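These notes concern the structure reproduced below.
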Amino acid sequence: MTKIIADFDPESPEDFDSAHAEYACLRRECPVAHTDGLGGFWALTRYEDVKRAASDYSAFTTTQQNVVPKVAFTGRRPPLHLDPPEHTPYRKALNPLLGKERADLLEPKTRALTRAALAPLVAKGGGDICVEFSSYLPVQVFGEWMRMPAQWLPRLHQAGRAFVLAVHMNQPETMKETSLALYDIARALIALRHEQPEDPALDPTSALLAARHEGEALTDELIVGTVRQVLVVGIVAPMVMVGNMAVHLSRDRALQDQLRADPSLVPAAIEEFLRLYTPYRGFARTAVADVEMGGRCIHAGEPIALLYASANRDEEVFPDGDQFILNRPNIGEHLAFGRGPHNCPGLHIGRMELKVALEELLAATPQGFEVSGEVTMSRWPEIGALSVPLRFL
């Protein structure tokens with residue numbers, strides 16, 4: 001990579017608001033920014049640039065480096081690590097199991113799991129909403145969706161959380177170890193489905209095993225990678241988002257009271273929270289050829305981070321982008337779930353899970369809640385809260 005002066009430092013300490021303030025400055029003054037941190041990469045901060053790179057896989061590939069910092073030490077994981085047409089059979093196998101109908105079917109069980117996970121915090125008048133609640137709930141919901149044996153879930157939670165923390169603490173050896181542990185879980189699940197196949201219309205692993213591309217079965221190696229990929233993606237984002245929403249609502253008691261009084265507003269609130277606190281900033285592409293963006297030349301082979309968290313506050317698209325505006329007229333334009341062939345396939349389940357989590361948190365705290373200690377922030381590739389101590393009033 002050509003050595004140039006760094007425009008920002010992705011490894012500098014952050015609080016809940018500081019990264020967003022920095023990205024606002026970059027959007028104004030240096031919308032296509034470069035840093036030598038985290039191995040060196042470009043960062044797109046404006047909405048249209050991010051949307052362009054996310055949508056055009058012929059110019060911006062995901063096959064070389066798809067996240068900043070680079071954490072794929074242990075194998076290719078479809079569909080994220082492949083571009084069309086190679087990624088298509090994996091998405092085609094999973095998409096029917098990720099639609100709104102499946103999310104609706106999962107909602108009653110998700111609500112029961114949510115209430116059970118909140119009960120210990122209610123009993124003691126609060127707790128860390130991330131560490132004690134939202135790091136567990138997505139694992140349980142994911143286990144239901146994957147139809148995993150219940151006794152596997154503690155192991156999945158332990159390995160998944162350890163991997164996420166290793167990424168945030170930039171510990172490559174621990175990342176490799178914990179990633180391999182997640183691969184072991186994926187392999188065990190695939191072996192179980194070989195022995196005890198289930199209906200592919202209901203079971204994601206069975207759907208991948210039954211899938212055919214040009215008449216051929218998908219390879220076990222890449223099916224393992226696919227299962228490993230969804231193990232983490234389905235866990236991390238909800239954990240961070242619940243913490244982000246809790247901090248915001250602790251600051252805005254009027255909004256907290258409004259949503260508690262009228263739960264019908266919660267789905268619209270979730271969309272605005274997703275825009276305002278998009279939990280990802282490190283999904284990346286690699287330039288296929290030299291390309292000019294924002295008046296700067298990005299050379300072939302150089303990684304480019306798509307700062308969705310910045311793009312979703314771009315005031316050229318979202319006026320008063322740092323403000324929470326319920327029922328924002330163009331809220332459907334937000335990029336929280338990405339755009340193009342690698343948009344998030346689990347968006348319906350993700351929305352449902354966040355909706356239920358917020359509804360139940362509000363219902364369990366009729367007198368309100370507030371932050372009661374230091375908020376600990378995640379690091380790249382996520383953005384948001386990893387630890388949020390709450391007091392239930």
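Going by full-length UniProt numbering, the sequence shown opens with residue 1, and the numbers climb by one from there. Glycine residues also receive a C-beta, built at the ideal position from the N, C-alpha and C atoms. On a predicted model such as this, the values are computed, not experimentally measured, just so you know.
Problem - Coil, strand or helix - residue 213 by DSSP - result: Residue 213 sits at position 213 when you count from the first residue of the sequence shown. Residue state, collapsed to three classes: strand.
Practice task
Apply the 10 Å Cβ neighbour rule to residue 323 and answer buried if 16 or more other Cβ atoms are within range, or exposed otherwise.
Solution key: Taking the sequence shown and counting its residues from 1, one reaches residue 323 at position 323. That one is exposed.
Exercise for the section: Give the range of the beta strand (DSSP E) segment to which residue 127 is assigned. Expected result: For the purposes of this step, residue 127 is taken as the residue at position 127 of the sequence shown. Counting along the chain, the beta strand (DSSP E) containing residue 127 begins and ends at 126–128.
Practice task
Along the beta strand (DSSP E) that carries residue 303, what are the first and last residues, could you check?
Solution key: By one-based count along the sequence shown, residue 303 stands at place 303. Where residue 303 is concerned, the enclosing beta strand (DSSP E) stretches over 303–306.
Handout entry: heavy atom of the ligand NAP below 6 Å from residue 141 C-beta
Key = Ligands displayed in this structure: none; no statement on the ligand NAP is therefore possible.
Problem - Residues near residue 224 in its chain [Cβ-Cβ closer than 8 Å; skip 5 each side] - result: By 1-based counting over the sequence shown, the position of residue 224 is 224. Closer than 8 Å at Cβ, skipping near neighbours: 75, 183, 186, 187, 190.
Practice task
Have a look at residue 30 and residue 279 and give me their C-alpha separation to the nearest angstrom.
Solution key: If you number the sequence shown from 1, residue 30 lands on position 30. If you number the sequence shown from 1, residue 279 lands on position 279. Taking the straight line joining both Cα atoms gives about 22 Å.
Handout entry: Whole-number beta carbon distance between residue 385 and residue 230, since they are thought to touch under 8 Å
Key = Counting from one through the sequence shown, the residue named residue 230 turns up at place 230. Counting from one through the sequence shown, the residue named residue 385 turns up at place 385. 23 Å between Cβ atoms; not a contact.
Problem - Top-ranked residue by Cα proximity to residue 364, from 391, 339, 340 - result: Numbered from its first residue, the sequence shown carries residue 364 at position 364. Here the closest residue by C-alpha is 391.
Handout entry: Inter-residue Cα distance where the pair is residue 127 and residue 295
Key = Here residue 127 is taken as the residue at index 127 of the sequence shown, counted from 1. Here residue 295 is taken as the residue at index 295 of the sequence shown, counted from 1. Going by the C-alpha atoms only, they are around 48 Å apart.
Handout entry: Helix, strand or coil at residue 385 [DSSP, three-state]
Key = Taking the sequence shown and counting its residues from 1, the one referred to as residue 385 is at position 385. Strand at residue 385.
Handout entry: residue 21 to residue 144 span [Cα, whole Å]
Key = Taking the sequence shown and counting its residues from 1, the one referred to as residue 21 is at position 21. Taking the sequence shown and counting its residues from 1, the one referred to as residue 144 is at position 144. Looking at the two C-alpha atoms, the distance is approximately 38 Å.
Practice task
Taking 7 Å as the cut-off, decide whether the C-beta atoms of residue 172 and residue 282 are in contact.
Solution key: The residue labelled residue 172 in the question sits at position 172 within the sequence shown. The residue labelled residue 282 in the question sits at position 282 within the sequence shown. No; because the gap between Cβ atoms is not below 7 Å, this pair is not in contact.
Practice task
Assess, as a yes-or-no matter, whether the stretch 44–57 is touched by the stretch 258–268 under the definition of 3 or more beta carbon pairs within less than 8 Å.
Solution key: no
Problem - Stretch-stretch touch, CB-based, cutoff 8 Å, three pairs: the stretch 301–315 with the stretch 203–213 - result: no
Handout entry: residue 325 - DSSP class collapsed to helix/strand/coil
Key = The count along the sequence shown starts at 1 and reaches residue 325 at position 325. Reduced to three states, the DSSP call for residue 325 is coil.
Handout entry: Chain-order list of residues whose beta-carbon lies under 6 Å from that of residue 11 (same chain, five-residue window excluded)
Key = For the purposes of this step, residue 11 is taken as the residue at position 11 of the sequence shown. Cβ neighbours of residue 11 beyond the five flanking positions: 37.
Exercise for the section: Could you spell out the range, first to last residue, of the beta strand (DSSP E) harbouring residue 42? Expected result: The residue labelled residue 42 in the question sits at position 42 within the sequence shown. Run containing residue 42: 41–44, per the beta strand (DSSP E) assignment.
Exercise for the section: Within the same chain, show all residues whose beta-carbon is closer than 8 Å to that of residue 13, passing over the 5 residues directly before and after it, in chain order. Expected result: For this step, residue 13 is matched to residue 13 along the sequence shown. Result list for residue 13: empty, nothing under 8 Å.
Problem - Start and end residues, beta strand (DSSP E) containing residue 291 - result: Translated into positions along the sequence shown, residue 291 becomes position 291. Note, residue 291: beta strand (DSSP E), 291–293.
Problem - Per-residue burial, residue 94 [other beta carbons within 10 Å of its own, 16 or more giving buried] - result: Numbered from 1 along the sequence shown, position 94 holds the residue referred to as residue 94. Residue 94 should be labelled buried.
Exercise for the section: Would you please state the rounded distance, in angstroms, between the beta carbons of residue 277 and residue 244? I believe it to be under 8 Å. Expected result: The sequence position of residue 277 within the sequence shown is 277, counting from 1. The sequence position of residue 244 within the sequence shown is 244, counting from 1. The Cβ separation is near 4 Å, so the contact holds.
Practice task
Give every residue of the same chain whose Cβ lies closer than 7 Å to the Cβ of residue 68, excluding the five residues on either side of it in the sequence, and list them in chain order.
Solution key: Against the sequence shown, residue 68 aligns to sequence position 68. Closer than 7 Å at the Cβ level, and outside the excluded window around residue 68, lie 38, 41, 282, 284, 303, 305, 380, 381.
Practice task
Taking all protein chains shown into account, decide if residue 334 is buried (16 or more other Cβ within 10 angstroms of its Cβ) or exposed.
Solution key: Your numbering for residue 334 matches position 334 in the sequence shown. Its Cβ being crowded by 16 or more others within 10 Å, residue 334 is buried.
Handout entry: Same chain only: Cβ atoms within 6 Å of residue 117, ignoring 5 sequence neighbours per side
Key = Translated into the one-based positions of the sequence shown, residue 117 becomes position 117. Taken in chain order, the residues that qualify are 133, 136, 137.
Exercise for the section: Excluding the 5 residues preceding and the 5 following residue 109 in the sequence, name in chain order all residues of the same chain whose CB lies nearer than 6 Å to its CB. Expected result: Against the sequence shown, residue 109 aligns to sequence position 109. For residue 109, where only same-chain residues beyond five positions count, the Cβ hits under 6 Å are 144.
Problem - Cβ shell of residue 60 (< 6 Å), same chain only, five flanking positions each side left out - result: For this step, residue 60 is matched to residue 60 along the sequence shown. Closer than 6 Å at Cβ, skipping near neighbours: 53, 285.
Handout entry: Per-residue DSSP class, three states only, for residue 11
Key = Numbered from 1 along the sequence shown, position 11 holds the residue referred to as residue 11. Residue state, collapsed to three classes: coil.
Practice task
Starting from the Cα of residue 92, find the closest Cα among 248, 341, 105 and give me that residue.
Solution key: Counting from 1 along the sequence shown, the entry for residue 92 is found at position 92. If we check each option's Cα against that of residue 92, 341 comes out closest.
Handout entry: Through-space distance from residue 89 to residue 226, alpha-carbon basis
Key = Here residue 226 refers to the residue found at position 226 of the sequence shown. Here residue 89 refers to the residue found at position 89 of the sequence shown. So the two alpha carbons sit approximately 11 Å from each other.
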